[in-house]
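Here is the structure we will look at.
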Amino acid sequence: MRVLALINVVSGVCKKLVILVLKVFAVFLGPAIVFLVGGYIYATGGRMVSTDNAYIKADKILVSAEVSGLLSEVYVGENTPVVNGQTLIQIEESPYRISVSRTKAAVAGVSRKISAAKAHYREEIAAKGVAQQNVVYLEGELDRQQTLMDKGVVSMVSVERARHELEVARQVLRQGDERISQALAYLGGDPKLPIEKHPAYLEAWAEKERAEYELDRTIIKASVTGTVTNIGLQVGEYVTAGQPLFGIVASGETWVDANLKETKLTHIKVGQAATIEVDAYPDMVWRALVTSIGAATGSEFSILPAQNATGNWVKVVQRVPVRLMFLDDIEEPSLRAGMSVVVSIDTEYKRDVPEFVTKALARLGKEILVP
Numbered sequence: 038m039r040v041l042a043l044i045n046v047v048s049g050v051c052k053k054l055v056i057l058v059l060k061v062f063a064v065f066l067g068p069a070i071v072f073l074v075g076g077y078i079y080a081t082g083g084r085m086v087s088t089d090n091a092y093i094k095a096d097k098i099l100v101s102a103e104v105s106g107l108l109s110e111v112y113v114g115e116n117t118p119v120v121n122g123q124t125l126i127q128i129e130e131s132p133y134r135i136s137v138s139r140t141k142a143a144v145a146g147v148s149r150k151i152s153a154a155k156a157h158y159r160e161e162i163a164a165k166g167v168a169q170q171n172v173v174y175l176e177g178e179l180d181r182q183q184t185l186m187d188k189g190v191v192s193m194v195s196v197e198r199a200r201h202e203l204e205v206a207r208q209v210l211r212q213g214d215e216r217i218s219q220a221l222a223y224l225g226g227d228p229k230l231p232i233e234k235h236p237a238y239l240e241a242w243a244e245k246e247r248a249e250y251e252l253d254r255t256i257i258k259a260s261v262t263g264t265v266t267n268i269g270l271q272v273g274e275y276v277t278a279g280q281p282l283f284g285i286v287a288s289g290e291t292w293v294d295a296n297l298k299e300t301k302l303t304h305i306k307v308g309q310a311a312t313i314e315v316d317a318y319p320d321m322v323w324r325a326l327v328t329s330i331g332a333a334t335g336s337e338f339s340i341l342p343a344q345n346a347t348g349n350w351v352k353v354v355q356r357v358p359v360r361l362m363f364l365d366d367i368e369e370p371s372l373r374a375g376m377s378v379v380v381s382i383d384t385e386y387k388r389d390v391p392e393f394v395t396k397a398l399a400r401l402g403k404e405i406l407v408p
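Under the working numbering, the very last position in the sequence shown is 408; numbers go up by exactly one each time.
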């Protein structure tokens, strides 16, 4: 009986002790823990900036035809991997080969014409010399006839005939000068100018090079290494110059464009570390770095920008693109352009302790040190 009574007494004491400890914990330790947890959440709050409005990006090019014509060969299809310089499409080249032949013949014709003009110029120069000599002779003949008429040896008719012949010779000389000027103008003002530098020859040569360029562009080659996308071409289809044909997504470097709300940009800086989670691979995390912050919001580049100078205005939070580059080498799994990701940026921002907490701690310290 005594043992049982002793056990009951000890049990009652233990219960009271437990209750006392719980009261002490509830009064002192509980608020302290809540204060510490709340302080930690407050201090670290706002440090991490996250958004799921982010997507993987890669270089993309739009392949267009530079010449018009029928497709004679299509060597690639949807999602075909290609390398830089690989032939993708062949446009019917027969019309362009004919154009090259025609322009080559035009170059040869211009060359012959310039050679003939040079020869004609030399002939006109020689003819001018003869005409000048003839004028000098007839001027002397007119003087002789005039002297003989003064002496009564010849009549006035002989003098007039000599004067007429001199005038005709001078007219022939002037016409020769005009023909020389025309020939010289065709020769570019320099009769010694090489044929290859003559304006007409250069024009014909430029047409030939243009024809050769267009012939070369009947073969469309890949300008980057990547994967063909959005292609639906068939042999025999007619394409026009400047027409977009398909796209190529370049392989290699990828990045992420995260569209952050303007209210979250306060502490974002270039060079900050970040993590990236891809929706397609939820168990993997990639390290990244902020490389640039957009100079304008996305709405600034919209086709129909917002007109806020109206009576009915609703404020909308704008988003600014932030670019991040992967720090990890990406080999597997494959990341595709356009994939959705979740970005978390560590701004390393720390909030200051509120002033009322600082004052309270200071007062408490004084009370402890000075009883």
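We put the CB at the ideal spot given by N, CA and C, even for glycine.
- For P358, the three-state secondary structure derived from DSSP is strand.
- Under the three-state reduction of DSSP output, G226 falls in the coil class, being neither helix nor strand.
- Of G213, P319, E103, Y238, the smallest CA-CA separation from Y223 is found for Y238.
- Between the C-alpha atoms of G269 and T334 there is a straight-line separation of about 35 Å.
- Annotated three-state conformation of N171 is helix, per DSSP.
- Between the alpha carbons of G166 and A145 lies a gap of roughly 32 Å.
- DSSP, read as helix, strand or coil, puts K352 in coil.
- Secondary-structure assignment with DSSP links S381 through a beta bridge to S87, T312.
- For P319, the uninterrupted beta strand (DSSP E) run begins and ends at 318-330, by DSSP.
- Exclusion of the five residues before and after G263 leaves V119, I285, V286, A287, S288 as the residues of its chain whose Cβ lies within less than 7 Å of its Cβ.
- Partner residues in the beta bridge of Y92, as assigned by DSSP, are D294, S377.
- If you draw a straight line from the Cα of E215 to the Cα of R139, it is about 34 Å long.
- In this structure, the CA atom of I257 is about 26 Å from the CA atom of A241.
- Put simply, the backbone Cα of S381 is about 51 Å away from that of E251.
- Distance between V327 and V86, taken at the CA atoms: about 12 Å.
- Secondary structure within the stretch 100-171: the beta strand (DSSP E) runs of 3 or more consecutive residues, fully enclosed, are 106-111, 124-128 (chain order).
- Within 10 angstroms of the beta-carbon of K229 lie fewer than 16 other beta-carbons, which makes it exposed.
- When C-beta atoms of the stretch 206-220 are compared with those of the stretch 167-182, three or more pairs fall below 8 Å, so the two segments count as touching.
- When rounded, the separation of the alpha-carbon atoms in E274 and E130 is 14 Å.
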